[in-house]
Each structure stands twice: as C-alpha cells, then as structure tokens.
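So the structure is just underneath, and the comments pick up after that.
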Amino acid sequence: MKRVIVLLVLFSNIVFAKSLQSSDFVNVTKSVPIYKNVTIKKPIQECYEQSYNQKVNIESEYDNNSIGLDTIIGATAGVVIGNQIGKGNGKIAAQIVGGLLGGKVANEIRNTSSDDYYYETKTRTKCITKYKTVKNKKVIKAYKNYFILDGQEYFKITKKAKSRIKITKTITY
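Under mature numbering (1 follows the signal peptide of the UniProt record, and there is no 0), the residues of the sequence shown are numbered -17 to -1, 1 to 156, in order.
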C-alpha cells in the first residue's frame, strides 16, 4: 500500500510540475581557436631493378606430339596388362583402355624426363610508393566562444567564431 502511495505522489509531482523556459542571446567576450596538428605527406615512387631466374625450354629437334617407340611399347604393355584383367567382352574393353593409358603414360614420361631447359637471369623493375613528411601544419578545428552569464564566465565550442550565443534558461517548480 505504501508503494502505491509513493508512486502516486511521484506521478502527481511529474504531472503537476511546471517549468518555465526562456531563450536569450548573450554577447561573446572572446573567441579562441582550437588547433589540431595535421601532417602533410607527399607520395614518392621508389623503383629498383630485381633479378630473377626463369626456366627456358630448349627447342628440340623432335616433335613432342609425335608417336615414338616408347609410346608404342607403352601401349603394347597396356594391352597385355588389360588382357590379364578382363573376361569376355570386358577383356576387349580392358585391352583398349590399357593400350590408351599405357601409350599416354609412356608419352608423358618422355616429355617430362628430358632435360631440355636452362635457367636465364632476367631483370624487372619494381616500384614502391612511400610517403615523405613535407611539413606539419596547425589547422583550426573549432572555436571556444567565451561569454559571461550571471557574473560567471562560460564557454561554448562551435565550428565558427560567434559574436552571440543563444542560451536557454529553464526553471522548474
């Protein structure tokens, strides 16, 4: 019960409370700039030569796409192995697949096992952008506008210097 009474008293104070607001302008006595430091940087391009090794294939006298003796031997070996795996019509399919795979594997081994390459040293230009500090500069960030109200000095920070500041007085009773 006491809680209900306390809540009613508080609610009635809020409802019946009155306030008086008035707005007025006061003259600014002085405006002091607030500075911030800004660093100005200039981009500079630094370039240098970089050496690297590149693998170069030597043009061979034979055509890598040709069918050589090694490819024929690989295909024959694939047919023989396929003959051992399959039965009936599957034996023919196994021989065909074994022959194709054997020829392909033998051809790839020939193409990759040759040492027909050398390394060549080349150079390339690399560039990096760096920033050099040109100067530090003070820039005005805002203004502290001082004014006197009821005998006491106050300030308000604004983006621009002001000659007058709007103030609002609120009286609650």
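We put the beta carbon where it would ideally sit given N, CA and C, even for glycine.
Fair warning: this is a prediction, and the values are worked out from it, not measured in the lab.
Is the beta carbon of residue j closer than 9 Å to that of residue i?
i	j	result
Y129	S6	no
Y102	I41	no
Y31	K113	no
D53	I92	yes
I150	T12	no
Write down the C-beta distance between residue i and residue j rounded to the nearest angstrom, noting that I regard them as a contact closer than 8 Å.
i	j	result
G65	G81	3 Å
A89	I68	Contact doesn't hold; Cβ gap of about 19 Å is too wide.
V9	I148	6 Å
K127	F138	5 Å
Excluding the five sequence neighbours on either side, which residues of its own chain have a C-beta within less than 7 Å of the C-beta of residue i, listed in chain order?
i	result
T104	S34, N36
K121	Y18, N20
P26	T112, Y114
Q28	C110, T112
K143	Y126
T116	T22, K24
Which residues does DSSP list as the beta-bridge partners of residue i?
i	result
R147	N10
R107	Q33
Y23	Inspection of the sequence shows that residue 23 is occupied by Ile rather than by Tyr. In the DSSP output, where bridge partners are listed per residue, I23 has K118.
L(-11)	Partner(s): none; L(-11) has no beta bridge.
E136	I131
K113	I27
Give every residue of the same chain whose Cβ lies closer than 6 Å to the Cβ of residue i, excluding the five residues on either side of it in the sequence, and list them in chain order.
i	result
K124	I17, K19
V62	Q78, G81, G82
Y45	Residue placement at Y45 is flagged as unreliable, the pLDDT there being 48, under the threshold of 50; a coordinate-derived value is accordingly withheld.
R(-15)	none
R107	Q33
M(-17)	none
Keeping to the same chain, check which residues put their C-beta closer than 8 Å to that of residue i; ignore five residues upstream and five downstream.
i	result
N119	N20, V21, T22, I23
T59	G82, G85
V(-12)	none
G71	none
Every unbroken alpha helix (DSSP H) within the stretch 43 to 89, with a cutoff of 4 residues, ordered by chain: Runs found: 52 to 68.
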